[in-house]
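Q:
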Amino acid sequence: MSSIRERNQQLILAAASEEFAANGFDATQTRDIAARAGVPKANLYYYFQSKENLYGKVLLGFVEPLLEASAVLRESDDPLIGLRAYVAARIRIAREHPAIAKVFSGELLLGGRQLPDECRDLLHGEARRNVECLRSWIDRGLLAPIDPEHLMLFIWSATRTYTNIGWQMGRITGREVPQDEDYAVAAETITRLVLEGVVAPRAGEIRGVLFAT
């Protein structure tokens, strides 16, 4: 019975992500979510009680991989390694969870008015840890002296490009749906912009050699 419950919940969450991404919260109907999931509408309310609760679960499903991505930022690591891994992890999230990423970005653009308190607390903690990691690298001379908050905001916004302005990106690349190579190029480009801009030169190092291989 538990496996059936888990399967139905995952079907509903996946369907809800697609519906919320396509229509937004207000215009999404629970009957459409149930139809897309292939379950009775009553099941949706049985598992999630309300559209608001279901929306919150969808958002939380995106917060969890964000926290996993942040785990690669460690003060004890070389920022060259940590920042490259962090950018790659955030781009991978956008590639693997496009619908939820769109829902999450849409909610943030509206001021996070329906972001559950649990999500707010987790995101606040993640942001604080990330910024403190950058500040530690800066204080130790491993990064150039730059504002850590704005550096983090730049990385966040750059790695959400395909989610926030997907239509415009399609006009530039000529592809309606980003391909794996698009995400790979995005990750490398953002990484190069970040590292060439903020990694402090080291003794005997010639800038520009970082990406020669």
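Following this note's numbering, the numbering of the sequence shown begins with 242 at its first residue and continues without gaps.
Cβ coordinates follow ideal geometry from the N, Cα and C atoms, glycine included.
(1) Across the segment 364-372 and the segment 330-342, are there enough close Cβ pairs to call them in contact, namely three or more that are closer than 8 angstroms?
(2) Taking Pro357 as part of the alpha helix (DSSP H), name the residues at either end of that continuous run.
(3) So Gly347 is in the alpha helix (DSSP H); what residue range does that whole segment cover?
(4) For Pro419, count the other beta carbons within 10 Å of its own beta carbon; 16 or more makes it buried, fewer makes it exposed. Which is it?
(5) Who are Leu384's beta bridge partners in DSSP?
(6) With distances taken from CA atoms, which of Glu293, Val280 and Asn249 is nearest Thr269?
(7) For Arg458, does the three-state DSSP call read helix, strand or coil?
(8) Would you kindly work out how many angstroms separate the C-alpha atoms of Tyr288 and Tyr296, rounded to a whole number?
(9) How is Arg277 classed by DSSP in three states: helix, strand or coil?
(10) Can you tell me which of Val439, Glu390, Ile253 and Gln409 puts its alpha carbon nearest to the alpha carbon of Glu373?
(11) Mapping DSSP to helix, strand and coil, what is Thr271?
(12) If you compare alpha carbons, which of Thr414, Pro386, Ala342 and Arg315 is closest to Val439?
(13) Within its chain, find whatever has a CB closer than 7 angstroms to the CB of Val299; leave out the 5 residues flanking it on each side and keep chain order.
(14) Quick check: what's the CA-CA separation for Pro281 versus Ile274?
(15) Looking at the unbroken alpha helix (DSSP H) that takes in Val304, where does it start and where does it end?
(16) Identify whether Arg336 lies in helix, strand or coil by the three-state DSSP scheme.
A: So, from the data block:
(1) The segment 364-372 makes no contact with the segment 330-342, as fewer than three CB pairs between them are under 8 angstroms.
(2) By 1-based counting over the sequence shown, the position of residue 357 is 116. No alpha helix (DSSP H) holds Pro357; DSSP gives it neither H nor E.
(3) Mapped onto the sequence shown, residue 347 falls at position 106. Segment Pro339 to Leu350, the alpha helix (DSSP H) holding Gly347.
(4) Within the sequence shown, the letter at position 178 stands for residue 419. With 16 or more other Cβ atoms within 10 Å, it is buried.
(5) In the sequence shown, the residue the question calls residue 384 occupies position 143. According to DSSP, Leu384 shares a beta bridge with Val440.
(6) If you number the sequence shown from 1, residue 269 lands on position 28. The shortest Cα separation from Thr269 among Glu293, Val280 and Asn249 belongs to Glu293.
(7) Nothing in the structure corresponds to residue 458, since the chain is present only between 242 and 454.
(8) Counting from one through the sequence shown, the residue named residue 288 turns up at place 47. Counting from one through the sequence shown, the residue named residue 296 turns up at place 55. Approximately 13 angstroms, taken between the alpha carbons.
(9) What you label residue 277 is simply residue 36 of the sequence shown in a count that begins at 1. DSSP places Arg277 in the helix class (H, G or I) of the three-state scheme.
(10) Along the sequence shown, read from residue 1 onward, the residue named residue 373 stands at position 132. Between Glu373 and the set Val439, Glu390, Ile253 and Gln409, the nearest pair of CA atoms involves Glu390.
(11) By 1-based counting over the sequence shown, the position of residue 271 is 30. Three-state result, Thr271: helix.
(12) Stepping through the sequence shown from its first residue, residue 439 is reached at position 198. Closest in alpha carbon position to Val439, among Thr414, Pro386, Ala342 and Arg315, is Pro386.
(13) Against the sequence shown, residue 299 aligns to sequence position 58. For Val299, where only same-chain residues beyond five positions count, the Cβ hits under 7 angstroms are Leu254, Ala257, Ser258, Phe261, Ile341 and Val344.
(14) By one-based count along the sequence shown, residue 281 stands at place 40. By one-based count along the sequence shown, residue 274 stands at place 33. Approximately 10 angstroms between the Cα atoms of the pair.
(15) Along the sequence shown, read from residue 1 onward, the residue named residue 304 stands at position 63. Unbroken alpha helix (DSSP H) run through Val304: Lys292 to Ser311.
(16) Start at 1 with the first residue of the sequence shown, and residue 336 comes out as number 95. Assignment of Arg336 by DSSP, reduced to helix, strand and coil, places it in the helix class.
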